[in-house]
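Using the numbering used here, you'd call the opening residue of the sequence shown number 1 and step up by one each time.
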Amino acid sequence: MYGTKRYTSWGRYPKATPEQIVRLHWLDQLPRLDEYQTSLLPFGLGRSYGDSCLNEGGTLLDTTALNRFIAFDRVNGILRCEAGVSLAQILELVVPHGWFLPVSPGTKFVTLGGAIANDVHGKNHHKDGTFGRHVTCFELLRSDGERLMCSPTQNSDYYRATIGGLGLTGLILWAEFQLKRIPSYLIDSEDLQFNGIDDFFELSRLSTHYTYSVSWLDCTAGGDNFGRGVFNRGEFFDPPLGVDKPHRFPPILPVPFDFPNFTVNNVTTSIFNQLFYHKQVFPVRRSVKPYHSFFYPLDVASDWYYLYGKNGFVQYQLVVPYQDGYDHVKEIFRMIVRSGQASPLIVFKTFGTLQSPGMLSFPREGVTLAIDFAFKGETTLQLLNQLDEIVFAVNGALYPAKDARMSGAAFRKSFPNWETFVPFIDPKFSSSFWRRINAK
Ligand SMILES: Cc1cc2nc3c(=O)[nH]c(=O)nc-3n(C[C@H](O)[C@H](O)[C@H](O)COP(=O)(O)OP(=O)(O)OC[C@H]3O[C@@H](n4cnc5c(N)ncnc54)[C@H](O)[C@@H]3O)c2cc1C
């Protein structure tokens, strides 16, 4: 901690200590980046799980005070703001005018710069692709002082390198993007229980016309219940309720201290999963709810990473291509269930065919699975190495925003374009992640 702000990643593994933090305040009073002795890395709200937002021994450029709106075209839904503005701030501004984020990750406490640098995806990937697809332009500051205006037609190579570029190509100062029209602030949502991986794929196939969908899997259920879960899909509720209701997020419950390392274990996870799966009396539950309950259920608690204890946790997010029978997905999931290591937080979703714009964008057509594991040292790392074997045997990929341990070889397999990307890295910029995957 420096002051009251946390400069760790969300998973708190691995730990890293930057040499200094530089808080940026005004676009016209930025420090000269070439005068720093150590490497530089932008830092937003630290919602990346592993070490892609960390810079051991280097300088973190804290962007969160670059949080001003620059222009909002309410008629056409085009928003331009500084890179440290959070998605929560954007929602507060735009929803009452009938606009929404084109794509949103599972938390609104993410900066615009962070959303671009990881080219984040959301529940509507199959319809709208990644966040980067909606970015019309941004300004990139390089350490030699050059300011590049980047768009699909201007400095388009820097545009494609910076979207999903892990903060390595320079500092995004501001960005402009296209919002999405919404008829109300409510979501018409359905939760459907399913009884196995095949049922999940069948539901996905039948739900492609829904704009939003995502599923939860029970990682403790074996036998007949193997692969059961809840498929959630939804759509913005069409009038007559309107969007201009008082716009308030629910209060945030604090998680004020570290829980014991054993708090999240197979028994507590199993109890939670039973309750979660059976919370609906009928196999299908329909409800109309405010958008924040639908998109951001985890945001109701602050700092919930404390639940995993001081050792922290890792998230493992993979994408694998479709294959007949989905045996590879079943095998991955079987290994996770057998290990007894997963926490209740599992997200399962299909990615659509829309091309991601970034050279290193993670989303691509296939199935994605994101799982949280309380970090138990070698035991956890061994399991993840075994999962890697299946992922890479079928030409899958891992998501750097969630990664704390993938090898250099795994990174290069995940991102065959990495050699095209490297020339765009700013010579003064680096991260713990980048050094790690280049060291092995
Ligand atoms: C509960 C939860 C749910 C999530 N759900 C999803 C999800 O559904 N989909 C998804 O894709 N991700 C998801 N994420 C991950 C999260 O969206 C990304 O890690 C996001 O990039 C974090 O943004 P941040 O502002 O916290 O940036 P940080 O984590 O601080 O930094 C992320 C990267 O952005 C770079 N960066 C930040 N600002 C700038 C800038 N101004 N210029 C250049 N580079 C910059 C950093 O250097 C770093 O490489 C989730 C995370 C959490 C905690």
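Virtual Cβ for every residue (Gly too), placed ideally from N, Cα, C.
Only a predicted model underlies this, so the values are computations on that prediction, with no experimental measurement involved.
Should residue 431 go down as buried or exposed, given a rule of 16 or more other Cβ atoms within 10 Å for buried?
Mapped onto the sequence shown, residue 431 falls at position 431. Residue 431 should be labelled buried.
What is the rounded straight-line gap between the Cα of residue 354 and the Cα of residue 348?
By 1-based counting over the sequence shown, the position of residue 354 is 354. By 1-based counting over the sequence shown, the position of residue 348 is 348. So the alpha carbons of these two residues sit roughly 18 Å apart.
Span separating the alpha-carbon of residue 228 from that of residue 335:
Sequence index remark: in the sequence shown, residue 228 carries index 228 (1-based). Sequence index remark: in the sequence shown, residue 335 carries index 335 (1-based). Distance between the alpha carbons of residue 228 and residue 335: 15 Å.
Proximity winner among 435, 255, 248 and 214, relative to residue 185 (alpha-carbon distances)
The residue labelled residue 185 in the question sits at position 185 within the sequence shown. Distance check between residue 185 and each of 435, 255, 248 and 214 places 248 closest, using alpha-carbon atoms only.
Considering only the alpha carbon of each residue, which of 109, 65, 82 and 64 lies closest to residue 10?
Within the sequence shown, the letter at position 10 stands for residue 10. When only C-alpha atoms are compared, the closest one is 109.
Tell me the DSSP secondary structure of residue 356 in three-state form.
Stepping through the sequence shown from its first residue, residue 356 is reached at position 356. Secondary structure of residue 356 (DSSP, three-state): coil.
Would you call residue 209 buried or exposed, if buried means 16 or more other Cβ atoms sit within 10 Å of its Cβ?
Locating residue 209 in the sequence shown gives position 209, where the first residue counts as 1. Only exposed fits residue 209, as fewer than 16 other CB atoms lie within 10 angstroms of its CB.
Would you mind giving the Cβ-Cβ distance between residue 85 and residue 131, rounded to the nearest angstrom? I have them listed as a contact below 8 Å.
On the sequence shown, residue 85 is found 85 positions in, with the first residue counted as 1. On the sequence shown, residue 131 is found 131 positions in, with the first residue counted as 1. Taking the Cβ atoms as the reference, residue 85 lies roughly 14 Å from residue 131, outside the contact range of under 8 Å.
Alpha carbon to alpha carbon, what distance is there between residue 46 and residue 150?
Counted from its first residue, the sequence shown places residue 150 at position 150. Counted from its first residue, the sequence shown places residue 46 at position 46. Approximately 25 Å, taken between the alpha carbons.
Nearest to residue 331 by alpha carbon, out of 284, 383 and 12?
Residue mapping note: residue 331 aligns to position 331 of the sequence shown, counting from 1. With distances taken between Cα atoms, residue 331 lies closest to 383.
Could you tell me which residues DSSP puts in a beta bridge with residue 436?
Against the sequence shown, residue 436 aligns to sequence position 436. In DSSP, residue 436 forms no bridge with anything.
Using only the alpha-carbon positions, how far apart do residue 69 and residue 275 sit?
For the purposes of this step, residue 69 is taken as residue 69 along the sequence shown, with counting starting at 1. For the purposes of this step, residue 275 is taken as residue 275 along the sequence shown, with counting starting at 1. Taking the straight line joining both Cα atoms gives about 42 Å.
Do residue 304 and residue 255 come within 7 Å of each other at the CB atom, strictly closer than that value?
To locate residue 255, count along the sequence shown from 1; it is residue 255. To locate residue 304, count along the sequence shown from 1; it is residue 304. Against a cut-off of 7 Å, the Cβ pair of residue 304 and residue 255 comes out as a contact.
Range covered by the alpha helix (DSSP H) that runs through residue 175
On the sequence shown, position 175 is the one that residue 175 refers to. Element bounds for residue 175: not the alpha helix (DSSP H) but the beta strand (DSSP E), 171-178.
Pull up the DSSP beta-bridge partners for residue 139, would you.
Working through the sequence shown from its first residue, we reach residue 139 at position 139. Under DSSP, residue 139 shares a beta bridge with 149 and 174.
Those residues which DSSP pairs with residue 316 across a bridge:
As a working note, residue 316 is residue 316 in the sequence shown. DSSP lists 371 as the beta-bridge partner residues of residue 316.
Which residue wins for smallest C-alpha separation from residue 50, given the options 439, 434 and 438?
Counting from one through the sequence shown, the residue named residue 50 turns up at place 50. Checked all of 439, 434 and 438; the closest Cα to residue 50 is 434.
Would the beta-carbon of residue 216 be found less than 6 Å away from any heavy atom of ligand 1?
Looking up residue 216 in the sequence shown gives position 216. Ligand 1 never approaches residue 216 closely enough for any of its heavy atoms to be under 6 Å from the residue's Cβ.
Sorry if obvious, but does the Cβ on residue 147 come closer than 6 Å to a heavy atom of ligand 1?
Position 147 of the sequence shown, counted from the first residue, corresponds to residue 147. Checking the Cβ of residue 147 against ligand 1 gives no.
Is residue 452 a contact residue of ligand 1, with contact defined as CB to any heavy atom under 6 Å?
Because residue 452 is not part of the residues shown, which for the chain are 1 to 440, the question remains open.
Does the beta-carbon of residue 252, which I'm using as the reference point, lie nearer than 6 Å to any heavy atom of ligand 1?
Taking the sequence shown and counting its residues from 1, the one referred to as residue 252 is at position 252. Not under cutoff, so the answer is no.
Take residue 62 and list the residues in its own chain whose beta-carbon comes closer than 6 Å to its own, dropping the five residues that flank it on each side.
The count along the sequence shown starts at 1 and reaches residue 62 at position 62. For residue 62, where only same-chain residues beyond five positions count, the Cβ hits under 6 Å are 21, 23 and 43.
Who are residue 346's beta bridge partners in DSSP?
Working through the sequence shown from its first residue, we reach residue 346 at position 346. DSSP, once it has assigned bridges, lists 371 as partnering residue 346.
Take residue 96 as the anchor and find which of 163, 170, 17 and 180 has the nearest alpha-carbon.
The residue you call residue 96 lines up with position 96 of the sequence shown. The shortest C-alpha separation from residue 96 is found at 180.
Which residues share a DSSP beta bridge with residue 71?
As a working mapping, residue 71 is identified with position 71 in the sequence shown. Per DSSP, 80.
Under a Cβ-count criterion, where at least 16 other Cβ atoms within 10 Å of its own Cβ denotes burial, should residue 145 be classed as buried or exposed?
Numbered from 1 along the sequence shown, position 145 holds the residue referred to as residue 145. Under this definition residue 145 is an exposed residue.
Alpha helix (DSSP H) containing residue 193: first to last residue?
Taking the first residue of the sequence shown as position 1, residue 193 is located at position 193. Looking at the DSSP string, residue 193 is not in any alpha helix (DSSP H); the run it does join, the beta strand (DSSP E), is 186-194.
Classify residue 206 as buried or exposed, calling it buried when 16 or more other Cβ atoms lie within 10 Å of its own Cβ.
Stepping through the sequence shown from its first residue, residue 206 is reached at position 206. Taking a 10 Å sphere around the C-beta of residue 206, we find fewer than 16 other C-beta atoms and assign the residue as exposed.
Along the chain, which unbroken stretches of the beta strand (DSSP E) at least 3 residues long are found entirely within the region 6-60?
Entirely contained in the region 6-60, the beta strand (DSSP E) runs reaching 3 residues are, in chain order, 20-23 and 40-43.
Taking its Cβ as the centre, do 16 or more other Cβ atoms sit within 10 Å of residue 422, making it buried, or is it exposed?
Counting from one through the sequence shown, the residue named residue 422 turns up at place 422. Counting Cβ neighbours within 10 Å, residue 422 comes out exposed, since fewer than 16 surround it.
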